Amino acid sequence: KTAPRVRRSRFGLLGETIAHIKVPKPCSIASKKTMKTTSAVLALVALSTYNHADAFAPAAFAPRTVTNAKHSVVVTHMVDDKTEVREYFNTEGFSRWNKIYSESDDVNTVQLDIRKGHGITIDKILKWVEADGDIAGKTVCDCGCGVGSLAIPLAQMGAVLSASDISDSMAVEAGRRASEMGIENAKFYTSDLESVTGKYNTVTCVDVAIHYPTEKMAEMVGHLCSLAEDRVMISFAPKTWYYSALKKFGEFFPGPSKTTRAYLHEEEVVRNALKKAGFQVSREEMTGTNFYFSRLLEAKRI
């Protein structure tokens, strides 16, 4: 198999630490679907209980246990999402996910699955762009660019890139990789999504919505649309009864959280926000692996 393209993903919602759990091989009467469900459930349990979780906490906010001499008390820390994400991806999160977003062999089985899942989403976007055949010379704004896994190949296709990330470590790494490849038509800088300004032919935001609470999702989509002259491409973890049930199941096994919170979003909310901003969905895809799931929408201004 060929080595995977440099990837960027923050959709490790179903966890990376499941790799240390052995799932029984399917017997003659067990279907592949059953085993896949078992893996996902175990992932959430491991994600919630393992003290050094390498992915996102399954709960909307992660309860943490504080122990004194007499008893343990569960305390809910409602940390500001933006601050939490910025700090995480500038420190331990950067070193951990930088490996996932690269061709490094220093990753476990679940991290490889997440790399694969996100890679599929990136490939779908690039195939759309390639099929259109008109990206050369067009301006693209990539919000939440990570280490440049989407921005860099788009720049190589001739687009003029303006890419940002809330994590300075991520943005600097993306710039370094682009520079090593001799790319001069892309700039990378540090900014939260709400502070991004300007007008661009295409605006992309891949695997970022998972950090936005439900009540802020529509506002975020609206802001992305305000930046786009022609189209918006956005991906998010869909809120379905199945994924919600798995997420809820994980909350029954609280443990210390060393990661960020993760949010699922109803597709109707996203579509309505796009419509309100004057955009209509033109193409859509769904990517799902054992530990990665992403709904991808392309919407064009009408």
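Terminal number for the sequence shown in my numbering: 287, no gaps in between.
No residue lacks a Cβ here, since even glycine has one placed at the ideal position from N, Cα and C.
Here the structure is a predicted model, which means the values were calculated and not measured.
Alpha carbons only, please: which of the options is nearest the one belonging to residue i?
{"i": "residue 217", "options": "159, 133, 190", "result": "190"}
{"i": "residue 128", "options": "143, 255, 136", "result": "136"}
{"i": "residue 114", "options": "142, 90, 103", "result": "142"}
{"i": "residue 121", "options": "279, 199, 171", "result": "171"}
{"i": "residue 167", "options": "175, 268, 138, 155", "result": "138"}
{"i": "residue 100", "options": "160, 151, 219, 81", "result": "81"}
{"i": "residue 278", "options": "173, 221, 151", "result": "221"}
{"i": "residue 227", "options": "282, 105, 250", "result": "250"}
{"i": "residue 248", "options": "199, 86, 161", "result": "199"}
{"i": "residue 204", "options": "159, 255, 106", "result": "255"}
{"i": "residue 289", "options": "185, 89, 75", "result": "Residue 289 is absent from the model: the chain starts at -14 and stops at 287."}
{"i": "residue 163", "options": "151, 176, 147, 152", "result": "147"}
{"i": "residue 192", "options": "152, 165, 176, 130", "result": "130"}
{"i": "residue 88", "options": "104, 76, 123", "result": "104"}
Straight-line CA distance for residue i to residue j?
{"i": "residue 111", "j": "residue 140", "result": "11 Å"}
{"i": "residue 133", "j": "residue 178", "result": "16 Å"}
{"i": "residue 264", "j": "residue 212", "result": "12 Å"}
{"i": "residue 91", "j": "residue 84", "result": "7 Å"}
{"i": "residue 68", "j": "residue 181", "result": "17 Å"}
{"i": "residue 161", "j": "residue 169", "result": "11 Å"}
{"i": "residue 159", "j": "residue 165", "result": "10 Å"}
{"i": "residue 77", "j": "residue 106", "result": "25 Å"}
{"i": "residue 266", "j": "residue 257", "result": "10 Å"}
{"i": "residue 202", "j": "residue 93", "result": "32 Å"}
{"i": "residue 79", "j": "residue 229", "result": "27 Å"}
{"i": "residue 223", "j": "residue 102", "result": "15 Å"}
{"i": "residue 72", "j": "residue 197", "result": "16 Å"}
{"i": "residue 284", "j": "residue 123", "result": "17 Å"}
{"i": "residue 268", "j": "residue 86", "result": "26 Å"}
{"i": "residue 50", "j": "residue 119", "result": "In this predicted model, residue 50 has a pLDDT of only 35, less than 50, meaning its place in the structure is not dependable; the value taken from the coordinates is given anyway. Between residue 50 and residue 119, the C-alpha separation is close to 54 Å."}
Is residue i buried or exposed, if buried means 16 or more other CB atoms sit within 10 Å of its CB?
{"i": "residue 187", "result": "buried"}
{"i": "residue 259", "result": "buried"}
{"i": "residue 19", "result": "Only weak support is given to the placement of residue 19: the predicted model assigns it a pLDDT of 45, under 50, and the question is left unresolved by the model."}
{"i": "residue 287", "result": "exposed"}
{"i": "residue 240", "result": "Because residue 240 sits at a pLDDT of 46, beneath the cut-off of 50, its placement in the model cannot be relied upon, and the following sentence gives the value as read from the coordinates. Result: buried."}
{"i": "residue 36", "result": "Low local confidence applies: a pLDDT of 31 at residue 36 is under 50, so the model's placement there is unreliable, with the coordinate-based value given in what follows. That one is exposed."}
My assumption, with CB atoms under 8 Å, is that residue i sits in contact with residue j. Please give the rounded CB distance.
{"i": "residue 261", "j": "residue 207", "result": "7 Å"}
{"i": "residue 95", "j": "residue 276", "result": "5 Å"}
{"i": "residue 149", "j": "residue 174", "result": "5 Å"}
{"i": "residue 74", "j": "residue 152", "result": "4 Å"}
{"i": "residue 66", "j": "residue 246", "result": "6 Å"}
Do the CB positions of residue i and residue j come within less than 8 Å of each other?
{"i": "residue 109", "j": "residue 253", "result": "no"}
{"i": "residue 157", "j": "residue 144", "result": "no"}
{"i": "residue 209", "j": "residue 219", "result": "yes"}
{"i": "residue 274", "j": "residue 98", "result": "yes"}
{"i": "residue 272", "j": "residue 282", "result": "no"}
Just checking: is the beta-carbon of residue i within a distance shorter than 8 Å of some beta-carbon in chain D?
{"i": "residue 263", "result": "Here there is only one protein chain, and chain D is not present."}
Taking 7 Å as the cut-off, is the beta-carbon of residue i closer than that to any non-hydrogen atom of the ligand PLP?
{"i": "residue 122", "result": "Among the components of this structure there are no ligands whatsoever, and the ligand PLP is therefore not found."}
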